[in-house]
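Student: Count along the sequence shown from 1, add 28, and you get the number used in this note's numbering. For each residue, glycine too, the CB sits at the ideal point set by N, CA and C. Remember, it's a predicted structure, so these values are computed and weren't measured experimentally. Handing you a structure now.
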Amino acid sequence: MKTSVVIATYNGEDYIEEQLETIKDQTRVVDEVLIFDDLSQDDTALLVNDFIEKYALSNWKLVINEVNKSYSRNFFEGVSQATGDIVFCCDQDDIWDKKKIEAMTACFEENPKIQVLSGNYIYKIDSSLPSTMKLFYRAANIMNHYKNIVKPVPFSSKGVFSGGGPGWTLAIKKEYFDKISPFYNNAFSHDGFFNTFSSIDQACYKYFGCTGEFRRYSGSTSDGSSVNTNEKSNRELLLTDNYLERVKVAQAYLEQKKDLNLKQQKFLVKQRMALKARQNYYLKKNLSSLFHILYSWKSFNPVWVVKDIMNYGTFRKEG
């Protein structure tokens, strides 16, 4: 099977070279590396170009977008341009295990049912994170167990949170991407889109061997620790609105399938109710609305629940 790696970059000069090194040094050489820079305002594109020239990487290509697309669209359109049978998604600030491509490609080759595959990982915790988040990630590292096994990831009570793992661990068969791409909606992150649809199709799997280090630091795309209360509320409301739109798209995908899965449909109804409760919490910011979220915790990513509890403390201080 031919492999492609698609990297979406934006203002990633601090860590991009370390990330590129771990792709270059894979035990199974990648057939194609496509890097799409979303009009970075720093030296990211220059560093990437210098890296390609330094190592004479003829199968690597840097594309600088004409307009800023946002990371989700940048990944989606990047994967659409890849020519590999298996396309690996890659962020700009993580560290890949040197056997990641080799191990995950072997999983695809051994099991034709796999259409989307995520990998296990360890958190690389930066000192800039709040103490509570450090404790959360350290506990997750301690509880994690790495095994060279692959298991299916069912569409669960978490609804559109269902799926394998974060985008940088994901690989998708190009033929499956072509099948689901007409349903793409910009409310989805690329990993949320791949995970949700493949779990609905019972084609989502997870490899439990370690595939790398997931860098967590204040100021990363998924961190909101440095913004004020109103900004946090607006950000979480927008995020919740996006997930409500994802539920709507997933329901439409389910309904067009010949074998409508009523259990999956019920999960999505519960997910919508839980997201409505979260929407209410960030509008009212009171203890009663927080209890509604905790009552529906099974419908959320656990990181969200931790974040919502932490934000309540901030609301009380600044309210």
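When you compare the CB positions of residue 202 and residue 73, do they come within less than 8 Å of one another, or not?
Tutor: Position 174 of the sequence shown, counted from the first residue, corresponds to residue 202. Position 45 of the sequence shown, counted from the first residue, corresponds to residue 73. No, the Cβ-Cβ distance between residue 202 and residue 73 is not below 8 Å.
Student: Cβ of residue 237 within 8 Å of Cβ of residue 175?
Tutor: Here residue 237 is taken as the residue at index 209 of the sequence shown, counted from 1. Here residue 175 is taken as the residue at index 147 of the sequence shown, counted from 1. It is a contact, given that the beta carbons lie within the stated cut-off.
Student: Taking the alpha-carbon of residue 187 as reference, which of 155, 317, 299 and 223 has the nearest alpha-carbon?
Tutor: For this step, residue 187 is matched to residue 159 along the sequence shown. Ranking 155, 317, 299 and 223 by Cα distance to residue 187 puts 299 first.
Student: Put residue 233 into one of helix, strand or coil per three-state DSSP.
Tutor: Counting from one through the sequence shown, the residue named residue 233 turns up at place 205. Strand.
Student: Starting from residue 32, follow the beta strand (DSSP E) in both directions and report where the run begins and ends.
Tutor: Your numbering for residue 32 matches position 4 in the sequence shown. Start and end: 31-37.
Student: Where do the N-terminal and C-terminal ends of the alpha helix (DSSP H) with residue 340 fall, by residue?
Tutor: The residue you call residue 340 lines up with position 312 of the sequence shown. Segment 330-346, the alpha helix (DSSP H) holding residue 340.
Student: Is it buried or exposed for residue 15, if we count other Cβ within 10 angstroms and need 16 for buried?
Tutor: In the structure displayed, the chain extends from 29 to 347; residue 15 sits before or after that span and is not available.
Student: Using 8 Å as the threshold, is the C-beta distance between residue 146 and residue 182 below it?
Tutor: Here residue 146 refers to the residue found at position 118 of the sequence shown. Here residue 182 refers to the residue found at position 154 of the sequence shown. The answer is no: Cβ separation not under 8 Å.
Student: How far does the alpha helix (DSSP H) with residue 192 in it reach, from first residue to last?
Tutor: Residue mapping note: residue 192 aligns to position 164 of the sequence shown, counting from 1. Run containing residue 192: none; DSSP gives neither H nor E here.
Student: Within the continuous beta strand (DSSP E) that includes residue 179, where are the two ends?
Tutor: Working through the sequence shown from its first residue, we reach residue 179 at position 151. Residues 178-180.
Student: By the three-class DSSP mapping on this structure, what secondary structure does residue 106 have?
Tutor: Mapped onto the sequence shown, residue 106 falls at position 78. It is helical.
Student: Going by DSSP in three states, residue 136 sits in which element: helix, strand or coil?
Tutor: For this step, residue 136 is matched to residue 108 along the sequence shown. Residue 136: helix per DSSP, three-state reduction.
Student: Could you compute how far the alpha carbon of residue 295 sits from the alpha carbon of residue 120?
Tutor: Locating residue 295 in the sequence shown gives position 267, counting from the first residue. Locating residue 120 in the sequence shown gives position 92, counting from the first residue. Going from the Cα of residue 295 to the Cα of residue 120 covers about 33 Å.
Student: Give every residue of the same chain whose Cβ lies closer than 6 Å to the Cβ of residue 218, excluding the five residues on either side of it in the sequence, and list them in chain order.
Tutor: Along the sequence shown, read from residue 1 onward, the residue named residue 218 stands at position 190. For residue 218, where only same-chain residues beyond five positions count, the Cβ hits under 6 Å are 100, 103, 104 and 195.
Student: Nearest to residue 213 by alpha carbon, out of 200, 271 and 168?
Tutor: On the sequence shown, position 185 is the one that residue 213 refers to. Selected option, being the one with the closest Cα: 271.
Student: How about residue 107 and residue 87: do their beta carbons lie closer than 8 Å?
Tutor: Residue numbering aside, residue 107 sits at position 79 when the sequence shown is read from its first letter. Residue numbering aside, residue 87 sits at position 59 when the sequence shown is read from its first letter. Their beta carbons are not under 8 Å apart, which means residue 107 does not touch residue 87 by this criterion.
Student: Does the beta-carbon distance from residue 2 to residue 41 come in below 8 Å?
Tutor: What is shown of the chain runs 29 to 347, which leaves residue 2 out entirely.
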